[in-house]
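Each residue of the sequence shown is one higher than the one before, starting from 92 at the first, in the working numbering. Note that the Cβ used here is the ideal one computed from N, Cα and C, for glycine as well. Note that the structure is predicted; figures quoted are calculated from it, not measured. Step one of this worksheet: look at the structure below.
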Amino acid sequence: MHSKPLESSPEIPVTGAAGTSSATKDTVLVAVFAAMIAAMGLVPPITLGLIPVPITLQTMGVMLAGAMLGPVRGMLATLTFVALVAAGLPLLSGGRGGLGVFAGPTGGYLIGFIAGSLVIGVLYKYWVLSRRSKAARLVAGFLSAVIGGVLVIYAFGIPWTAMVAGIPMGTSAIGSLGFLPGDLIKAGITTAVAVTVHRSYSGLMK
92 MHSKPLESSP
102 EIPVTGAAGT
112 SSATKDTVLV
122 AVFAAMIAAM
132 GLVPPITLGL
142 IPVPITLQTM
152 GVMLAGAMLG
162 PVRGMLATLT
172 FVALVAAGLP
182 LLSGGRGGLG
192 VFAGPTGGYL
202 IGFIAGSLVI
212 GVLYKYWVLS
222 RRSKAARLVA
232 GFLSAVIGGV
242 LVIYAFGIPW
252 TAMVAGIPMG
262 TSAIGSLGFL
272 PGDLIKAGIT
282 TAVAVTVHRS
292 YSGLMK
């Protein structure tokens with residue numbers, strides 16, 4: 092008597108715990124950096140007389156998000172922060188929030204935050220972290236923070252301010268120069284922090 096061969100049971104796909112863990116980690120990091128950008132808004136703003144746009148510390152949070160998390164997660168952290176502001180949360184320096192902020196003279200800078208963090212993340216991922224020496228990373232990191240955190244953000248903010256405030260583009264551009272010294276310092280701090288962290292935690296960038 093021949094026994095009937097055992098039929099193999101169908102394979103049941105199993106979701107890997109590693110994938111779930113990675114997604115959770117990404118979500119947490121995005122939320123943490125969005126909260127960090129918001130927390131930097133607690134520092135009182137400094138208003139220049141020439142243009143109606145205040146100097147705040149939140150630009151450094153945007154730089155850090157891109158430099159630390161990379162293009163996708165850095166942009167998502169900044170996008171989350173901007174979305175919360177649009178939803179009405181008073182997260183901007185001075186306790187401002189709501190859709191009305193985007194119709195004001197600072198609206199372009201907020202949109203520039205998203206683009207700036209993306210550019211910094213791309214430059215850090217594909218350029219800065221491929222440098223072998225620490226000195227080369229510091230130079231490349233600083234240039235990346237300036238390109239994304241200053242030039243890109245200004246490219247959105249300056250024409251927006253000129254249009255909304257009804258002032259000449261040249262006046263808006265000259266007025267934005269008052270931000271430059273502080274933004275260069277922020278770029279330097281961002282570079283020092285990001286290069287040091289990536290040296291210790293090489294798997295943070297994604």
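Nearest by alpha-carbon distance to alanine 246: which of Tyr292, Val210, Ala177 and Gly179 is it?
Counting from one through the sequence shown, the residue named residue 246 turns up at place 155. Of the candidates Tyr292, Val210, Ala177 and Gly179, the one whose C-alpha sits nearest the C-alpha of alanine 246 is Val210.
Let me check understanding here. Comparing Cα to Cα, which of Ala122, Ala125, Ile238 and Ser112 lies closest to glycine 207?
By one-based count along the sequence shown, residue 207 stands at place 116. Nearest C-alpha to glycine 207: Ile238.
Across the region 282-294 and the region 253-270, are there enough close Cβ pairs to call them in contact, namely three or more that are closer than 8 Å?
The region 282-294 makes no contact with the region 253-270: fewer than 3 CB pairs, one atom from each, lie closer than 8 Å.
What is the DSSP secondary structure of leucine 180, reduced to helix, strand or coil?
Against the sequence shown, residue 180 aligns to sequence position 89. DSSP places leucine 180 in the coil class of the three-state scheme, outside both helix and strand.
Contact set for valine 243: own chain, Cβ-Cβ below 8 Å, skip 5 residues either direction:
Here residue 243 corresponds to residue number 152 of the sequence shown, with the count starting at 1. The residues are Gly203, Ala206, Gly207 and Val210.
What number of angstroms, rounded off, separates the C-alpha of glycine 195 from the C-alpha of arginine 223?
Taking the sequence shown and counting its residues from 1, the one referred to as residue 195 is at position 104. Taking the sequence shown and counting its residues from 1, the one referred to as residue 223 is at position 132. Distance between the alpha carbons of glycine 195 and arginine 223 is about 44 Å.
Taking the straight line between their C-alpha atoms, what separation do you get for leucine 234 and valine 173?
Counted from its first residue, the sequence shown places residue 234 at position 143. Counted from its first residue, the sequence shown places residue 173 at position 82. Here the C-alpha atom of leucine 234 lies approximately 25 Å from the C-alpha atom of valine 173.
Count the other CB atoms, across all protein chains shown, that sit within 10 Å of the CB of leucine 167; report buried if there are 16 or more and exposed otherwise.
Taking the sequence shown and counting its residues from 1, one reaches residue 167 at position 76. Classification of leucine 167: buried, given that the 10 Å Cβ count is 16 or more.
Taking C-beta to C-beta, are phenylalanine 193 and glycine 165 nearer than 9 Å?
Working through the sequence shown from its first residue, we reach residue 193 at position 102. Working through the sequence shown from its first residue, we reach residue 165 at position 74. A distance of 9 Å or more separates the beta carbons of phenylalanine 193 and glycine 165.
Classify arginine 223 as helix, strand or coil using the three-state DSSP reduction.
Within the sequence shown, numbered from 1, the residue matching residue 223 stands at position 132. Assignment of arginine 223 by DSSP, reduced to helix, strand and coil, places it in the coil class.
Bridge partner(s) assigned by DSSP for arginine 290
Here residue 290 refers to the residue found at position 199 of the sequence shown. Bridge partners of arginine 290: none, in fact.
Close-in-space but distant-in-sequence residues of the same chain around lysine 277 (CB under 8 Å, 5 per side omitted):
On the sequence shown, position 186 is the one that residue 277 refers to. For lysine 277, the CB contacts under 8 Å within the same chain, skipping 5 residues up- and downstream, are Leu148, Thr150, Met151, Met154, Ala236 and Gly240 in chain order.
What I want to know is whether the C-beta of glycine 157 ends up closer than 8 Å to one or more non-hydrogen atoms of the ligand ATP.
The model on display carries no ligand, and the ligand ATP is accordingly not part of it.
Can you give me the Cβ contacts of isoleucine 280 inside the same chain, cut-off strictly under 7 Å, excluding the 5 residues immediately before and after it?
As a first step, residue 280 must be located in the sequence shown, where it is residue number 189. Excluding sequence neighbours, isoleucine 280 sits near Met151.
Between which two residues does the alpha helix (DSSP H) harbouring methionine 131 extend?
Counting from one through the sequence shown, the residue named residue 131 turns up at place 40. No alpha helix (DSSP H) contains methionine 131, which DSSP labels as neither H nor E.
Can you give the Cα-Cα distance for leucine 180 and leucine 190, rounded to whole angstroms?
Indexing the sequence shown from 1 puts residue 180 at position 89. Indexing the sequence shown from 1 puts residue 190 at position 99. Answer to the nearest angstrom: the Cα atoms are 10 Å apart.
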